[in-house]
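Chains as they are written, first to last, in the numbering used here: chain A, 1 to 548; chain B, 1001 to 1329; chain C, 2001 to 2563; chain D, 3001 to 3335.
The C-beta atom is built at its ideal place from N, Cα and C for all residues, glycine as well.
This one's a predicted model, so the numbers in the text were calculated from it and none came from an experiment.
The next block holds one structure in the form of structure tokens; read it before the comments.
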Ligand SMILES: Nc1ncnc2c1ncn2[C@@H]1O[C@H](COP(=O)(O)OP(=O)(O)OP(=O)(O)O)[C@@H](O)[C@H]1O
Ligand SMILES: Nc1ncnc2c1ncn2[C@@H]1O[C@H](COP(=O)(O)OP(=O)(O)OP(=O)(O)O)[C@@H](O)[C@H]1O
Ligand SMILES: [Mg+2]
Ligand SMILES: [Mg+2]
């Protein structure tokens, strides 16, 4: 009995949402990156999306509807050229920065350009990979070598901006949701210190930013207008973001919900197993829990270059042997994770196509696993090493121990090898040194198949001397070709269907053992209304929240 | 090791003709204090339980590693089914939330690791502390300055941070308990060394040290024969305070993710994962923290008792005017 | 033993100030109990002075403490009655007892340093005590009172010094401060437990004079506890000799000292070394024979020793030259801090001289040498409390490393026997021995390497007279049998005279006078030596009174040395 | 006069020693963290940086230089300050410049200055709590030695120490803020902003850390007091009728304080950098957390900077303790 789907859209969501009031945000991580060039996720996550508007944005709606991409600064999702290599956007009229000056296409171009500067590292790799000249461009600052402007972005007039790509990209509207596409006025750019007070194009502007984003006080941006922004609701007058809190304390505060905490939410802290157990049957408390799904898959990764994982039989045996119940219990039980048999997340937007090539049930299928082992030449079982992170969490020791336990039943002895987070990441990303068998996970940059499958299975995305995510180092021309073809499609629904088929096909090779898709459960304060949780982010959308 | 040191007289072995006569006196004085006897018994029981962990779990029929998915409520965060954290005839102290592993087995096995780590680290702390303290007290002014300043910094450096750094530098297949022992031992000897330095400076002025030198003893011989025996008493009492703090430290290191490796159980590591559970499954928190508390209490009581038993002033408590008076004795 | 009541003219009429009747004190020690005081009775009327003498452990201090009820709560078991100022010490409620303590009877303890609070100014301590007994007095007046009494006991510049802490005072000043504390409460009787044992003769003389004057002035009673017969002789009228907790003899001082009736008292008197007596001829003859050959064993030339650096530098020994011949005894006397110990330690090279040289048999010494040994002043700290005494004695033999284990143990047992200890005590620990016995262990250890010379640093100052005599005769005997040379350091002039062929008198790091013992003592040349000799307490009360008078009239030098 | 000079010379000597130790310490840290896994450039750049970008960032951070050169630059910054570019302009980081954070380009000195108020607030308040609680219970149990009061106190203070600080703090938080609701959940308010709110919000952190440390002090005070009570001068005052309470509060306490002071100074230093668990639990933006975060992200300049600052604090605290010690106990000569 899994949790209800993300349609559970509102906590205290009855009553009419009203403007005004102060919203408190209790977070554990500081917003230490607050420069649009540095942010990674679409819209830079929750808080940045209150300050940065982008060409397009995610649809602020609950559940599956929320996986759609919609226009934001632009009037539409962009006009592709015939082969989807040139994308043209037109800006809405009457767009203004917080100082009242107009937002022009040049500001957007500059925002994209400065994201190439080494000083402002971070962000997703797509712009470099896709824009013509993106691989060599070093940004508009003095320190960068070569030309200071990027010619593949054109601004024929103040409201038009054109992007020229190396190859067909059907997903470009999704990419345009990222904060690199937020406007930055060149004369207000202060380089690395810009993040102290980025110039707002959204409904709120920064009043005070203390301790490198540890405390952010935001107030309404009077130059923002609901008329030119149909996505953000901006009910509260002020927003106070306090971070650096212990997750246990955040949840406790939200559940106690007294004083300022009655109007508090968190944008980064999930309920843990113990807290869920405690909430248990408490109806009042339960009604304040928002449940969401984000496109994420935790899986066991194989590196077939390492023996004995070069034998498909061994990989299949492990796929059969895995007991997902134990693994799911290790991360907090069925209300915090759903068993995964597909690599793609179980959402339509990704092209989810159900399959279970190696049915293991909840507790594994040791008999089948043993049979596979025998066929692979290991009639007496075998001993393997599972590499994992020592940090608590989904790639941490608990999950590793659960895997160890369930494989033991099939005669597979698992030795655990825990590495400290940095060492672990370095190792699993290192093409020459990738362990044979380890815990890994992948999340979507946007709800579509491309960013989910390409980095993992595209042979041309195997990265030497850097962070490689194609752990299996699969380089199959057929797969590569299919990826190219789908990614050129501008019909996103048609593309989704083909991504699902591709996933199912790759799944047969048992290069990964999908374990589970995490479920997010988060508390809000008593007086919080209008909780909207989309399947794009899986967590409540701060721009929709109202305070009673 | 230190555990044995403290308990040695309790083993009842006949005292050697040498210094044991003193130890025997201490033991005699200890024996007359009920609190010391109880504390000693508790520690002995713990030690025994740790040593006999496989035996005990054989009796209970559970091992510390097997998962029991059926015993936990997966839909509600993995809390154990049943009252008091799933206590039952088969699982005497209930099971671990999330995994359903037997808590009794994990606690007794955890005692092994925790006591081993704490005692091992203690040994190292005492070794380094005594050597550095002695060297500082007996070396020239330069050596003293250098060692004392290093000790200052050691005492006060954010130990957890260095611990994090060190544990990440060391190859991961290095045995964790040993690593913990090394890290805790290598970083937390400042207090001991200060104590030893101060005591040695006092001792050094005593005439029997001069007499030994006159008798032709070299510096090492003087240290070994004249000083170490006198240092033993304060160091032992100090150790009684250090040991429990080592257990707590193990917990803190686990909390920061650098404790012993799973699935090996250890008290500190159990505690660090248990914190959030104290409302949903209080037993899960109470058991390891209760045990820890009992251990700390027992060590402190015993340490106090040993100290008073070793203190000649306490021994001659009849001395005039040193006691507060009651109306009539 | 028939208790002899001190003959006191006022005894019949006045209620006695102190009345002790059938006092018995038992200390329960594990299974057995130690009877420290056994059926003791005495009384003291106002203005009277009683001296209690006896060897170490005879129960003197226990009696003194009983007078103030200090055994309460310690577990000691008391029977009999003790009444002080009309208060029954055993039954009085705590409040009453507090009034008694200080208010009626005040106590002056032996060790002046440890008896004062090291953290508080002396004046405050006195004021605090004063206010307890006169609560109506304001803080300020109490301080004033403290200054007055400090002034009274002869602390110069009392107003300023009342703000000093104890460590800034010299030993004699501290003892005065303790007496001042007693005075501040205007008690009717002063109980002084060995008030001068830790002090130099000159300072001792001043303190005793002070007590005498105060008594004359205020008419308070005095109970003076001491093992030193000379101290008692010069300060009290009546005395009581204790042994094993019992009173052996009592009576007026003059009578008891002149005509002791009990053998024990006679023994005690005989053991007291007399500064006016020449050395026993037998011992002297044997030593002189080799000394006269002029065979120089050890020679110190212009040795200096400084401590501390720059500002806080002290010169402990300032250019001392002396020689020790084979088999002779050189005595070194001088008051506390004069550099005796420092010099002695340099002679055996435990300390490195900052200047000058020490030559042994013509060769410059560069480190410790097994031929040169030392016996230390303090029998407590000179033996390792955690090692058996046999092991301590065997240690030098083991360090030498040329004997087997068997031989070492045998030799160590022989040595123990040689110094008069039972070899079966080999495995015993120092705390199981008396001071005298421990000093013997120290001597045995010094003998172990087969030395040619032993420096004895105050070998008997911590011991009572009878033990003192035993240890001194042991040293003499060893010297005779083994042909040892001795350097005997002591502040007790009589002890030095008894045991030395030659004497050096030290003051402030230098030797002010040196020569054959009899010459120095009988015809002192240096005024300082003269003053020292004049300060030695004598056993004859009449003579003591004369000397006191002489000191009062012409003691300029002494005053100077007390500052 | 003399005393003051002795004090000055003592301070000067201490300073030289301290600077040397700190230098050695920084070298050790550099060496240690050089070996720590995790590439700061990669971490700063983010997961999906391509190798060229990582290389660019590495150059930007100066990480492409050999280790010794990096260290020398660091030293240069400490003694002479240095300039750095924000991309759009050049900024100066005045000496003592501890460099720039690899992770967010902030000046380390600024980060430390930002973290100091919370950390010092925590440390000093906790110090007061543990002194009050520790010395108080220590004295009480010395007075009531052997009695029920003493046993109860012992168990209580040990309960504080025997519980890891993260559990102790959480329990306090639950009890006070969630169950009893005596206080709202604390969130840090700087002293400069609102002293009253500051105090209210620091109350629980102070209590947590203070409780955790107090047992040590209770035991120390108790044993030191008993030790002083066994000394001869106590006998003197008892023999003059001084009451038991006055003996303890006036005479014994004074003697028991010096070791308490000495230990406090050390612990104060320890708390400056070691209270990260408390800081984390209560969301205090202090040095401890800064340190842990930067250790995790191999942000060497921040790690070295914070440790150096803490080290300096420790040295100062030690020196102050020595002086206090000498003041409390005039017999002790500075050496
Ligand atoms: N507190 C005590 N506990 C046990 N025995 C004690 C205690 N105090 C004294 N005694 C014993 O009582 C006897 C008398 O001791 P006391 O101190 O009165 O002797 P004293 O005559 O003052 O000796 P000294 O000249 O050495 O001071 C000794 O045998 C001593 O060992
Ligand atoms: N280790 C030391 N450090 C500093 N000063 C010292 C040291 N040892 C001795 N002194 C000083 O040197 C002087 C001589 O001391 P010494 O101990 O030699 O005197 P003494 O004649 O043996 O006195 P006493 O009769 O008290 O034993 C004293 O002023 C003393 O304070
Ligand atoms: Mg006595
Ligand atoms: Mg001396």
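Kindly give me the distance between the Cβ atoms of residue 53 (chain A) and residue 73 (chain A), rounded to whole angstroms, as I take these residues to be in contact under 8 Å. 5 Å
In three-state DSSP terms, what is residue 1320 (chain B)? Note that residue 1320 (chain B) has pLDDT 45, beneath the 50 cutoff, so the model's placement of it is unreliable and no number is given.
* Does residue 2373 (chain C) get closer than 8 Å to chain B when you measure Cβ to Cβ? -> yes
Could you check if residue 2138 (chain C) belongs to the surroundings of ligand 2, using beta carbon to heavy atom distance under 7 Å? no
What distance in whole Å lies between the Cβ atoms of residue 3117 (chain D) and residue 3191 (chain D), which are believed to be in contact at a cut-off of 8 Å? 7 Å
**Asked** In chain order, what residues of the region 2111-2126 of chain C put their CB closer than 9 Å to some CB of chain D?
**Response** 2111, 2113, 2114, 2115, 2116, 2117, 2118, 2119, 2120 and 2125
Following a CB-centred definition, is residue 3187 (chain D) positioned closer than 7 Å to any heavy atom of ligand 1? no
Query raised in the report: Can we say the region 3185-3200 of chain D touches the region 244-260 of chain A, given the rule of at least three CB pairs closer than 8 Å?
Result: yes
**Message:** I believe residue 1258 (chain B) touches residue 3295 (chain D) by the beta-carbon criterion, under 8 Å. Please report the beta-carbon distance rounded to the nearest angstrom.
**Reply:** Rounded, the Cβ-Cβ distance is 11 Å, inconsistent with contact.
For a test of your reading of the model: does the CB of residue 2339 (chain C) fall under 7 Å from any non-hydrogen atom of ligand 2? Yes or no.
yes
In three-state terms, what does DSSP make of residue 224 (chain A)?
coil
Check: Looking only at C-alpha atoms, which of C:2166, C:2506 and C:2191 sits nearest to residue 2121 (chain C)?
Finding: C:2166
- What are the boundary residues of the beta strand (DSSP E) that residue 209 (chain A) is part of? 204-210
Exercise. On the DSSP bridge assignment, give the partners of residue 290 (chain A) in chain order.
Key: A:522
Q. Around the Cβ of residue 2181 (chain C), are there at least 16 other Cβ atoms within 10 angstroms (buried) or fewer (exposed)?
A. buried
Per-residue contacts from residue 1277 (chain B) into chain A (C-beta, under 7 Å)
274
Counting only Cβ pairs nearer than 8 Å, list the residues of chain B close to residue 332 (chain A).
1077, 1078 and 1098
**Item:** ligand 1 heavy atom lying under 7 Å from the CB of residue 2056 (chain C)
**Value:** yes
Residues of chain B with a CB under 7 Å from the CB of residue 409 (chain A): which are they?
Near residue 409 (chain A) there are no residues of chain B at all, since even the closest Cβ is about 10 Å away, more than 7 Å.
**Q.** Beta-carbon proximity check, residue 2484 (chain C) vs residue 2454 (chain C), cutoff 8 Å
**A.** yes
Original post:
residue 1057 (chain B) and residue 1105 (chain B): beta carbons closer than 8 Å?
Top reply: yes
Q) Is it the case that the Cβ atoms of residue 1162 (chain B) and residue 1179 (chain B) are separated by a distance below 8 Å? A) no
Exercise. So does residue 2336 (chain C) have its beta carbon nearer than 7 Å to some heavy atom of ligand 2?
Worked result: yes
| task | Please name the residue or residues paired with residue 174 (chain A) in a DSSP beta bridge. | result | DSSP, once it has assigned bridges, lists no residue as partnering residue 174 (chain A).
- Message: Less than 8 Å between the C-beta atoms of residue 290 (chain A) and residue 519 (chain A), yes or no?
- Response: no
Next on the checklist: Under 8 Å, CB to CB, which of the residues in the region 2378-2412 of chain C have a partner in chain B?
Outcome noted: 2378, 2381, 2382, 2383, 2384, 2385, 2386, 2387, 2388, 2391, 2392, 2395, 2396, 2399 and 2400
Taking 8 Å as the CB-CB cut-off, is residue 1208 (chain B) touching chain D? no
### Message
ligand 1 and residue 3267 (chain D): does any heavy atom of the ligand fall closer than 7 Å to the residue's C-beta?
### Response
no
Indicate the three-state DSSP secondary structure (helix, strand or coil) for residue 3016 (chain D) in the structure shown. helix
Check for me: the alpha helix (DSSP H) holding residue 1245 (chain B) runs from which residue to which?
1228-1255
- Roughly how many whole angstroms lie between the Cα atoms of residue 3138 (chain D) and residue 2093 (chain C)? 29 Å
Go through its chain and collect everything with a Cβ distance to residue 2392 (chain C)'s Cβ below 7 Å, but skip five positions before and after it.
2383, 2384, 2441 and 2445
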